[in-house]
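Notes follow the structure.
Numbering (mature numbering (1 follows the signal peptide of the UniProt record, and there is no 0)), first residue to last: -23 to -1, 1 to 55.
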């Protein structure tokens, strides 16, 4: 090997070792956030199938369960 190659090999090895140790590390960060909800939904159970009306057409799912007392439990999931 030429003297130039012998001088460059340790530098390349050191660079490869540095890249492997920094690439395998994991960093974490935290931040504080504030959420403002701008959605309003109305649930109407006076008609046979319960009806949900949301101002911004938010998707929802209705779950109806029969209760032993004859009434029903309606759960709305947004």
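Cβ atoms here follow ideal geometry from the backbone N, Cα and C, with glycine treated the same way.
None of the values given here were measured: they were computed from a predicted structure.
If the five residues before and after residue 54 are omitted, its C-beta is found closer than 6 Å to the C-beta atoms of 38, all from its own chain and listed in chain order. Listed as beta-bridge partners of residue 52 by DSSP are 40.
Taking the Cα positions, residue 41 is about 30 Å away from residue 12.
Bounds of any beta strand (DSSP E) do not take in residue 11, whose DSSP letter is neither H nor E. In the DSSP secondary-structure assignment, residue 19 is bridged to 30.
Spatial neighbours of residue 22 in its own chain (CB-CB distance under 7 Å, excluding positions within 5 residues in sequence) are listed in chain order as 51.
Residue 18 holds the alpha-carbon nearest to the alpha-carbon of residue 36 among 18, 49 and 25.
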